[in-house]
Every structure is written in C-alpha cells, then in structure tokens.
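This report refers to the structure that appears directly beneath it.
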Amino acid sequence: MRLAGRVTRAVAAALALPAALLALWWILTADSESYYLPPLSEILAAVDDVWLRTDRLSVDVLPSLLRLFGGFLLAVALGVSLGVAIGSSRRLRAFCEPVLEFLRAIPPPVLVPVLMLFAGIGDTMKVLVILSGCLWPILLNTVEGVRAVDEVLVETSRCYALRGPARLWHLVIRSASPQIVTGLRQGLSIGIILMVISEMFAASNGLGFSIIQFQRTFAVTEMWTGILLLGLLGFLLATLMRVFERRVLSWYFGLRQAQRGGSR
Amino acid sequence: MTSAATRAAPARSSRAGKAGRLTAGNALPGVAGFAAFLASLEAVPRIGLVSPDYLPPISRIGTALVELAGEAGFWTALGDTVRGWFVGLSIAVILGITVGFVIGTLPVLREFTASTIEFLRPIPSVALIPLAVLVFGTDLRSVLLLVVYASFWQILVQVLYGVQDVDPVATETARTFGLGRWARTRHVTWPTALPYVLTGVRLAAAVALILAITAELVIGAPGLGNEIGVAQSGGAVARMYALVVVTGLLGVAVNLLARRLERWLLSWHPSLRREVAA
Chain C
0 MRLAGRVTRA VAAALALPAA LLALWWILTA DSESYYLPPL SEILAAVDDV WLRTDRLSVD
60 VLPSLLRLFG GFLLAVALGV SLGVAIGSSR RLRAFCEPVL EFLRAIPPPV LVPVLMLFAG
120 IGDTMKVLVI LSGCLWPILL NTVEGVRAVD EVLVETSRCY ALRGPARLWH LVIRSASPQI
180 VTGLRQGLSI GIILMVISEM FAASNGLGFS IIQFQRTFAV TEMWTGILLL GLLGFLLATL
240 MRVFERRVLS WYFGLRQAQR GGSR
Chain R
0 MTSAATRAAP ARSSRAGKAG RLTAGNALPG VAGFAAFLAS LEAVPRIGLV SPDYLPPISR
60 IGTALVELAG EAGFWTALGD TVRGWFVGLS IAVILGITVG FVIGTLPVLR EFTASTIEFL
120 RPIPSVALIP LAVLVFGTDL RSVLLLVVYA SFWQILVQVL YGVQDVDPVA TETARTFGLG
180 RWARTRHVTW PTALPYVLTG VRLAAAVALI LAITAELVIG APGLGNEIGV AQSGGAVARM
240 YALVVVTGLL GVAVNLLARR LERWLLSWHP SLRREVAA
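The listed protein sequences correspond, in order, to chains C and R. Numbering that gives the first Met the number 0 puts the first sequence at residues 0 to 263. Numbering that gives the first Met the number 0 puts the second sequence at residues 0 to 277.
Okay, here's the thing in structure tokens:
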C-alpha cells in the first residue's frame with residue numbers, strides 16, 4: 000500500500016506541473032486573436048498537416064538528424080583520439096594548451112560563414128560546422144580526464160604489464176570516461192544548436208530551414224509546430240544521452256556512492 | 000539529476016590549478032605552440048594548400064584587425080555585443096538564483112518542478128529565434144530573449160545542486176543556535192551554494208556569449224555577429240576572419256573574467272585554500 004502511494008505521488012509530481020502549464024497555455028490562448036500566439040489547439044491540429052501528412056519528415060527532419068549524427072560521431076572520434084594523445088603527454092599538452100584555449104573560446108556559430116567559404120552551403124559545410132563545434136568540449140574534457148588518471152592505477156597496470164590497446168581501453172579510456180561523457184553531453188547540445196543555425200543561415204532543406212521559412216512567410220501556426228518539434232527533439236536527444244550515460248557510467252555512480260558512505 | 004558533469008563544482012580545483020600552472024611554469028612551450036599555430040596559418044595559404052581567397056595569411060588578417068580597431072563602427076558593434084551579453088547574463092543570474100533558492104529550499108516545490116525543468120532545459124534556445132524575430136524584430140530584446148533563456152537553465156540547475164548540497168548537521172546546528180529561516184539561508188545555505196552558483200555563472204557566461212553572437216548573426220541584430228555576416232556576404236574575407244578572432248578574444252576574456260570572479264568570491268573556500276597551499 001505504502002509503495003503504491005509513493006509511486007502515485009511520484010507520478011503526480013512528475014505530471015502535475017507540465018499538465019497545469021499545458022492547460023494554462025490551452026485556456027489562455029483558446030480565443031487568442033493575437034497574431035503571434037495562435038491557440039494551442041490550432042497549433043496541435045496543424046502538427047498533423049504540416050509534418051505528418053507531407054514528406055517533411057523524410058525531406059527536412061531526417062537530413063538534419065543525419066548531419067547532426069555525422070558531425071557528432073566525427074567529433075567524438077577526433078576529439079577522443081586527440082584528447083588521449085594530448086592528455087597523456089605533458090609536453091604536448093603544454094605546447095597545445097594556449098591554442099586550444101583560444102580555439103575553444105571562439106563561439107562556434109561564427110564558423111558557419113567561415114566554413115561556407117570552403118564548403119559552400121551543402122551537407123559538407125553543415126557536417127563540418129557541427130564537427131567543429133562539438134569537437135572542443137569533447138577534446139578538452141578528454142584531455143582533463145586522461146590527465147587525471149589515478150597514479151596508483153597507472154602503477155598497478157604497469158606491474159601487470161598492461162600495455163598497448165588493452166591499457167588504452169581498460170585504463171585510460173575507462174578512467175577518463177566520466178569526463179568524456181560530460182564532453183559528449185555538452186557537445187551534443189552545441190551540435191543541435193549548430194544544426195539549426197547552419198540551416199537557418201544557408202540551406203535548401205532541414206528542420207531549421209523549414210522553421211525559418213515558415214517565419215519568413217508569416218505562417219505563424221506552422222512556425223509554432225516547428226518550434227515544438229525542435230524542442231521535443233532536443234528533449235529526446237538529451238534523454239537518450241542520459242540513458243547512455245547511465246549505462247556506461249553505472250560503475251562510476253556506484254563508486255561515488257560507495258565513497259560517500261552511501262549517505263545520499 | 001546526478002550527472003557527472005553538471006556537478007562541476009567539486010572538479011573545479013583541478014581546472015583552476017591548470018590555469019594557474021599555465022601562467023607560471025609552462026609558459027614557454029605554450030608560447031612556442033601558439034607561434035607554431037600562427038606560423039602554420041601563415042604558411043598554409045602561402046604555399047597554396049588552401050586558396051588565400053578562403054583563408055588569407057594571418058598577416059593579412061592582422062592588418063584587417065588593425066584596420067578594424069581604427070573604425071568607430073567596430074567599437075559600436077563590440078559594445079552592442081558586450082551589452083547584450085552582459086544584460087542578458089545579469090537577468091539570467093538574478094532570475095536563476097532567485098528561482099533556484101525558492102525551489103531548492105522547499106522540497107515540495109522541488110519535487111513538483113523537477114520534471115518540468117528537465118523537459119525545458121534541453122530545448123535548444125535557437126528554437127526561439129523565429130519567435131524572437133516576429134515579436135521583437137532585430138531589437139536588443141531578441142538577443143536578450145535567447146541569451147536569458149539559454150543561460151537561465153545553466154544557473155538554475157547549479158543553484159539547485161548547491162542548495163541540495165547543504166550539510167544537514169550545519170542546518171541543525173544553526174537551528175539549535177536559534178537562527179531563523181532568513182539567517183539560515185544567509186549564513187548556511189548561501190555559502191554552501193556559492194561555489195555552485197559561480198560554476199553556473201561561468202558556464203552561463205560562455206553560453207550567453209555564444210547566443211548573443213548567434214542572435215546577431217542569424218537575426219541581424221547589431222553587433223559583432225552581424226558584422227561577420229555582412230563581411231562574409233560582401234566578400235571581405237580578411238575582415239571576416241579578423242572579426243572571428245575578435246570573438247575568440249572576447250570568449251577568452253569572458254572565461255578569464257569568470258574564473259577571476261570565482262577566485263575572488265571564493266577565496267575563503269577550502270578548495271581554493273588547499274590549492275594555494277599545495
């Protein structure tokens with residue numbers, strides 16, 4: 000009984016406010032005459048027409064996602080391998096650090112016009128923009144993680160003659176994985192921003208392109224459906240990332256809990 | 000909520016240590032690295048690996064930078080960007096701290112807002128661009144909408160962690176000494192949460208700059224981002240690179256400023272005191 004009560008309470012806590020906010024939005028805009036704020040009922044009704052009954056999902060949303068994943072995966076490969084190299088060599092790190100600090104500080108969206116020069120406005124440009132934005136958080140977090148590998152573990156694995164790929168995988172990558180995953184999460188959220196911006200700035204298809212197109216043609220209801228879809232996409236990707244994090248880092252969360260004496 | 004990264008406060012000491020070492024012992028290889036970076040940027044277009052039309056040699060970018068510094072319009076644009084960044088960040092900091100403390104100190108509120116916060120936080124702020132354009136046009140308010148939305152969540156989440164981190168023994172002790180709710184917030188919760196708040200401010204400061212420049216670039220609000228767009232469409236490539244360099248320098252300045260603020264406000268904190276001793 001008590002367990003059932005707790006579960007009900009948790010569900011209520013999770014759903015109450017979102018439901019209340021949606022209801023509020025629905026009621027407040029129900030007979031909204033405002034041009035910018037069409038009734039929520041109309042927006043939701045338009046979702047079907049705008050996104051589901053047309054080929055927009057395959058023509059706009061899918062290419063956007065593919066570009067995002069392409070750029071992100073390249074950034075992961077490049078960021079982790081460079082990060083491991085830079086993180087494990089003190090000399091290399093001292094050599095690279097100021098340059099990396101500067102490159103990281105450049106706001107990634109300004110790379111859109113820069114990369115447009117090299118790669119036009121096609122898919123290559125967008126993948127490159129996403130790659131170059133996601134790279135820095137992944138790279139720098141990997142460097143930090145690799146740098147902070149526990150000395151005792153390093154000595155231990157040397158005693159056990161662990162070397163080569165096995166050492167890399169079981170010692171270095173594993174120790175650095177909490178930071179690497181942090182980098183991945185930061186990189187992913189920057190990647191989404193860049194996916195949208197690169198399409199808003201110059202494109203012929205994509206989610207960002209259709210949203211900005213709706214806005215330019217003053218199709219406000221359609222624009223709202225796009226905003227909602229984009230928000231939902233951001234939320235879904237963040238959730239996927241968290242599931243991934245839970246799986247990969249379960250050992251780490253357990254370790255931390257144990258270190259804190261299970262006080263939390 | 001318990002992700003490794005957003006709990007950045009405990010990891011702060013190592014990062015600050017890195018910055019400290021960077022200025023002290025390892026300056027020479029760093030300078031050499033930067034020089035090598037600049038030299039390769041000069042060489043790559045000169046020997047024709049990349050067309051100088053796309054990547055002008057760094058010397059030409061430097062000349063463009065000097066020219067920029069002589070233009071009044073450039074300084075106005077820089078001022079616009081900094082203003083959008085600062086005003087937006089300040090609003091987000093005040094809002095984030097207030098909301099965070101109210102939610103964080105009332106467990107019921109925390110329980111009932113958690114799902115909403117987790118849902119709203121990952122929504123990319125750029126989704127608001129079309130709305131901002133329609134409602135505010137190319138006004139400063141468009142920039143502020145994006146900047147505030149993006150940086151608010153960074154601060155709110157850190158404040159929530161910070162308020163949760165309060166040592167129950169300290170709270171009980173304060174209660175025993177007869178401290179009221181307000182005094183407990185002031186003398187127990189606030190000092191505990193401050194490192195988290197400042198971590199949030201540091202993260203938010205970087206995000207706010209990104210969004211300020213994005214808004215200018217995409218919406219066309221006045222500022223450095225807009226200047227970059229204009230230079231790009233006008234084919235002024237060296238000028239565009241010079242502006243990109245300026246945004247990078249601005250980013251470095253923002254990071255340094257945030258770290259300085261952190262060190263200054265947290266000089267009493269054990270994590271920093273240990274670092275000085277070590």
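Where is the CB? At the ideal position from N, CA and C, for every residue including glycine.
V219/C and R166/C have their C-alpha atoms spaced approximately 56 Å apart. The beta carbon of G247/R sits closer than 7 Å to some beta carbon of chain C. In the structure shown, I46/R falls within a coil segment according to DSSP collapsed to helix, strand and coil. Nearest in C-alpha terms to G161/R, of all of A192/R, T97/R, R174/R, is A192/R. By the 16-neighbour rule on beta-carbons within 10 angstroms, T172/R is exposed. Put simply, the backbone Cα of R82/R is about 11 Å away from that of V146/R.
CA-to-CA, the gap between G95/R and A131/R works out to about 21 Å.
For D79/R, the enclosing alpha helix (DSSP H) covers residues 71 to 104. By the C-beta density criterion, I93/R is exposed, having fewer than 16 other C-beta atoms within 10 angstroms. Contact annotation: in the segment 35 to 53 of chain C, residues whose CB is within less than 7 Å of a CB in chain R are Y35.
Listed along chain R is no residue with a C-beta nearer than 8 Å to that of Q258/C; the closest approach is about 11 Å. Residues of chain R whose Cβ lies closer than 9 Å to the Cβ of E221/C do not exist; the shortest such Cβ separation is about 10 Å. Assignment of I154/R by DSSP, reduced to helix, strand and coil, places it in the helix class. In this structure, DSSP gives G253/C a helical state, which the three-state scheme calls helix.
Between P56/R and chain C, the shortest Cβ-Cβ separation is not below 7 Å.
A residue is called buried when at least 16 other Cβ atoms come within 10 angstroms of its Cβ; E244/C meets this threshold and is buried. Ranked by Cα distance from L155/R, the options V125/R, D138/R, L178/R, Y195/R are led by Y195/R.
The beta carbons of F135/R and A15/C sit no closer together than 7 Å. Proximity to I211/C across L210/R, V217/R, T213/R peaks at V217/R, based on C-alpha coordinates. Residue contact with chain R for Q214/C: present (Cβ-Cβ distance below 7 Å to some residue of chain R). Looking at W84/R, V165/R, I128/R, the one whose alpha-carbon comes closest to that of F213/C is I128/R.
Using a Cβ-Cβ distance cut-off of 8 Å, the segment 106 to 122 of chain C and the segment 194 to 212 of chain R are in contact, since at least three pairs of beta carbons, one from each stretch, lie closer than that value. If you look at T123/C, you'll find it in the alpha helix (DSSP H) that goes 122 to 146.
Three or more beta-carbon pairs separated by less than 8 Å are not found between the segment 168 to 176 of chain C and the segment 121 to 131 of chain C, which leaves the two stretches without contact. Below the 8 Å Cβ cutoff, chain R contributes P28 as neighbours of R90/C, in chain order.
The DSSP-derived three-state label of P62/C is helix. Counted as a single uninterrupted DSSP element, the stretch harbouring F176/R is not any alpha helix (DSSP H), since DSSP gives it neither H nor E. The Cβ-Cβ distance between G78/C and L134/C falls below 7 Å. Burial is judged here by how many other beta carbons sit within 10 angstroms of a residue's own beta carbon; P97/C has at least 16 and is buried.
Each of E261/R, L27/R, I102/R was checked against the Cα of P190/R, and the nearest Cα belongs to E261/R. Boundaries of the alpha helix (DSSP H) harbouring G247/R: 236 to 264, taken from the DSSP string.
Within the model, the alpha-carbon separation for V101/R versus L159/R is close to 9 Å.
Sixteen is the threshold: since fewer than 16 other Cβ atoms of the shown chains lie within 10 Å of the Cβ of E32/C, the residue is exposed.
Rounded to the nearest angstrom, the Cβ distance from L88/R to A203/R is 6 Å, consistent with a contact under 8 Å. In the assembly as shown, A35/R is an exposed residue. Its beta-carbon has fewer than 16 other beta-carbons within 10 Å.
The beta carbon of N204/C sits closer than 7 Å to the beta carbons of V58, D59, P62 from its chain, once the five residues preceding and following it are set aside; these are given in chain order.
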